[in-house]
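In structure tokens:
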């Protein structure tokens, strides 16, 4: 090729690139006739003359005088265009690929409450939204937000984009702002790996598809605003709120310059996404069961493109970090080595996968976990960013669901189609009811037959109590009631039962006024608990098991076994039992002041003082310490929570409900492998991940109880902002800032000593350590709680002394005031 030819080629290349660069972006501020600047970008009002945007019908320009300052787009959200009738925006463009965004920020203007709007939106021939409720979508996708941005990507083959708004009958449409941004580089490949397809590729034909962005996350890093994604102005949210267990992934940051593994990837994601990541916590384990997991709510019956962003920030050679990728429990990739795929360290790389969802699946799980074939040193995983895109079907991206109907608009959007839908639903309900009746009849017949068979072999329907190893060799008391004696337990060793009585069913019925519902003081999976009177007016708690509850039966058996060999001042005692006439009933000592939780929140009971709360925590800790150390094999409670800490008439705390308890590991083992059981909010995350139970699982749960005691709020409260929903995470955040007093129960104000609260918070923080080996034992917790009580009492004595002798001179350095005691921190460390 001659010099002239080379010059021509360069010129053509420059012209082509210039033509691409000259493709124009449109940033439209709806409902105004002015131009504003937002984050360095100029937004033109849709009524500004010569703006090259044609509005089909003017609709109504709505102004928002109460716009909040909560978003980078606040200036845009001070206006909107309302369409009571069909209308459209026509935007002249060159053929090519475009990002297209619709901004919605509902507010009220005159007779239009935008939270009640219902409408359809199409762009050219692509249907984007159908019977769309902005407030419904916000509630589903962004419950703590006041606005919503819907983002799409599609190919335009004509010279214009026509965006059409069609209100549902009786309603209206609105929009606050519109973005149209040309995409010059290729963002999506036509051939993508199919999840579960063993590496097989699927052709997408993206030219004919529309794409909606469902999620875009900067994994392990901060939120990235549109001005930080300079090419395409995308927003990248934090991933924390989408992780199933946030503590499963630790954050990483780079210490050197990142570059793209391919020059064509410069628009795939900004480099900031690759500068942070999450890697697995506790990666060097032989049990390869731990995954980092993210869960996303999506629309069913669509194809989804999942894009994962990777950059190896730590290892400078291959085979150091090998893992598997799972999408909705199917293997998407195995033996995944970022260093190998990206061809080096600090190289930005992405991988796309295609997943098809049926009409029944409404969620996407993304999980990264160990490669089972790798050695222990290579079991780590890494992820820097994540995007989920919905692909259109037959020119449609819209999905109509229950979230589409906003509250307050029920009477506005009813169409003939709606009536047909309701008619269909009614017919479906009738059919379902008929089938349910048939199934119920069949179930009852089967149940009756099982009962008849069971009666022949075991008339009581329960395992006899003698088979529990808890009730044999009984003797008789002066009243003729049988007492429990020593007997072999389930493991064959002798158990000494000091008290126990076999009640007749007649005695139980008398004690509970024939199981009077007004005497019910508790209900669980096993059945009901009644307040009753035995003998000469002695109060008791009478637990009546439900024979139909298989789970309750197993827990009942466990409780009998445990209570037959446990006696301690801080454990609720079993008085006796009844097992006649197809009944299984346990009788416990009555705890007059109910549960600890009822004295913290949710009732009208007077609040406990700080000293009472400390004494309750100490009592519960003593009970748990006895469980862990008082027998030949430790006993793990497995359901430590404030509703299982009961208070007697003197507010002495006692641990209750041993239905989930488990005998601890033998000396040659470190843990018990068992299915995960417990209560959400109190559950040890390490136990949840590994299914390995230790005494430290109780310690974690007790740490949650400590924070619940000081904050007096539920451990899980979905009505609060996201960062406050989980008490353990929220309280731990304030404790690590040494500002626990900020969230203390307001009813304690001025009635606790700061030094005792400081030490109390430190104990709770240590109990909630991620790894069990870093948590204290219950003995250490008890030791330190007693020290906290000493600190508080000494502080109160000083306060009383200061009040009494306020007119006296202040003692000199090194002296003690009258009545003051020296309090020394326990030498035993946690």
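In mature numbering (1 follows the signal peptide of the UniProt record, and there is no 0), the protein residues as written are -21 to -1, 1 to 809.
Ideal Cβ positions, reconstructed from N, Cα and C, are used throughout, including at glycine.
Just so it is clear, the structure is predicted and the values come from calculations on it, not from any experiment.
Handout entry: Residue(s) in a DSSP beta bridge with residue 78
Key = Within the DSSP secondary-structure output, residue 78 pairs in a beta bridge with 132, 160.
Practice task
Quick one: grab the DSSP three-state call for residue 635.
Solution key: Residue 635 sits in coil when the DSSP states are folded into three classes, being neither helix nor strand.
Exercise for the section: Report yes if the CB atom of residue 66 is closer than 7 angstroms to the CB atom of residue 144, and no otherwise. Expected result: Taking 7 angstroms as the Cβ cut-off, residue 66 and residue 144 qualify as a contacting pair.
Practice task
For the beta strand (DSSP E) containing residue 330, list its first residue and its last residue.
Solution key: Taken as a continuous stretch (DSSP letters only), the beta strand (DSSP E) holding residue 330 covers 326 to 335.
Exercise for the section: Specify the secondary structure class of residue 505 as computed by DSSP and reduced to three states. Expected result: Note: residue 505 maps to coil in three-state DSSP.
Handout entry: Rounded straight-line distance, which links the Cα of residue 330 to that of residue 56
Key = The straight-line gap from Cα to Cα measures roughly 36 angstroms.
Problem - Coil, strand or helix - residue 242 by DSSP - result: Per DSSP, reduced to three states, the secondary structure at residue 242 is helical.
Problem - 7 angstroms Cβ cutoff met for residue 222 and residue 292 - result: For residue 222 and residue 292, no; Cβs fall outside 7 angstroms.
Handout entry: the segment 64 to 84 / the segment 194 to 201 touching (three or more Cβ pairs under 8 angstroms)
Key = Segments in contact, no.
Handout entry: N-terminal and C-terminal residue of the beta strand (DSSP E) that residue 288 is part of
Key = 282 to 289 is the span of the beta strand (DSSP E), which, as asked, contains residue 288.
Exercise for the section: Please determine, among 128, 502, 306, 256, the residue with the shortest C-alpha to C-alpha distance to residue 79. Expected result: Per the Cα distances, 128.
Problem - Any alpha helix (DSSP H) of 4 or more consecutive residues that is wholly inside the segment 659 to 692 - result: Runs found: 664 to 669, 674 to 690.
Exercise for the section: Going by CA-CA distance only, name the one from 176, 126, 638, 2 that's closest to residue 551. Expected result: Ranking 176, 126, 638, 2 by Cα distance to residue 551 puts 638 first.
Practice task
Let me know if residue 814 comes out buried or exposed under the rule of 16 or more other beta-carbons within 10 Å of its beta-carbon.
Solution key: No information on residue 814 is available, as it lies outside the stretch -21 to 809 that the chain covers here.
Problem - Between the CA atoms of residue 763 and residue 818 - distance to the nearest angstrom - result: For the chain, the structure presents residues -21 to 809; residue 818 sits outside this window and is missing.
Problem - Whole-angstrom distance between residue 720 and residue 541, CA atom to CA atom - result: Cα to Cα, residue 541 sits roughly 39 angstroms from residue 720.
Handout entry: Secondary structure of residue 35, DSSP reduced to three states
Key = Residue 35: coil per DSSP, three-state reduction.
Handout entry: Cα-Cα separation, residue 580 to residue 774
Key = Going by the C-alpha atoms only, they are around 27 angstroms apart.
Handout entry: Within-7 angstroms CB hit, residue 351 to chain C
Key = No chain C appears in this structure, which consists of one protein chain only.
Handout entry: Cβ neighbour criterion (16 or more within 10 Å) applied to residue 209
Key = Answer is exposed; the Cβ neighbour count stays below 16.
Exercise for the section: Let me know the secondary structure DSSP gives residue 16 once reduced to three states. Expected result: In this structure, residue 16 counts as strand in the three-state DSSP scheme.
Exercise for the section: Identify, in the order they occur along the chain, each residue of the same chain with its Cβ nearer than 8 angstroms to the Cβ of residue 860, setting aside the five sequence neighbours on each side. Expected result: Absent from the structure is residue 860, since the part of the chain shown begins at -21 and ends at 809.
Practice task
Verify the contact flag: residue 736, CB atom, against every heavy atom of the ligand MN, threshold strictly below 6 angstroms.
Solution key: With respect to the ligand MN, the structure shown offers nothing to examine, as it has no ligands at all.
Exercise for the section: Please state whether DSSP places residue 747 in a helix, a strand or coil. Expected result: In this structure, residue 747 counts as coil in the three-state DSSP scheme.
Problem - Test item: CB-CB of residue 754 and residue 678 under 7 angstroms - result: The answer is yes: Cβ separation under 7 angstroms.
Practice task
May I have the straight-line CA-CA distance separating residue 514 from residue 711, to the nearest angstrom?
Solution key: Cα-Cα distance, rounded: 49 angstroms.
Problem - Which listed residue (778, 695, 713, 683) has its alpha carbon closest to that of residue 747 - result: Minimum Cα-Cα distance from residue 747 among the listed residues 778, 695, 713, 683 corresponds to 683.
Problem - Alpha-carbon spacing of residue 670 relative to residue 733, whole angstroms - result: Approximately 38 angstroms, taken between the alpha carbons.
Exercise for the section: Pick helix, strand or coil for residue 311, following the three-state DSSP scheme. Expected result: Residue 311 falls in the strand class under three-state DSSP.
Practice task
Look at the alpha carbon of residue 584 and the alpha carbon of residue 558, and state the distance between them as a whole number of angstroms.
Solution key: Computed Cα separation, rounded: 36 angstroms.
Exercise for the section: Look up residue 522 in the DSSP assignment and say whether it is helix, strand or coil. Expected result: In the structure shown, residue 522 sits in a strand (DSSP, three-state: E or B).
Handout entry: Presumed contact (8 angstroms Cβ cut-off) between residue 70 and residue 159, rounded CB distance
Key = Separation of the CB atoms of residue 70 and residue 159 is rounded to 6 angstroms, and the pair is thereby assigned contact status at 8 angstroms.
Handout entry: DSSP three-state assignment for residue 346, whether helix, strand or coil
Key = Three-state DSSP puts residue 346 in a strand.
Handout entry: Residues sharing a beta bridge with residue 641, DSSP
Key = Answer is 615, bridged to residue 641.
Problem - Cβ-Cβ distance between residue 17 and residue 39 below 7 angstroms - result: No, these two residues do not count as a Cβ contact at 7 angstroms.
Handout entry: Straight-line gap, residue 139 to residue 73 (C-alpha atoms, nearest Å)
Key = So the two alpha carbons sit approximately 7 angstroms from each other.
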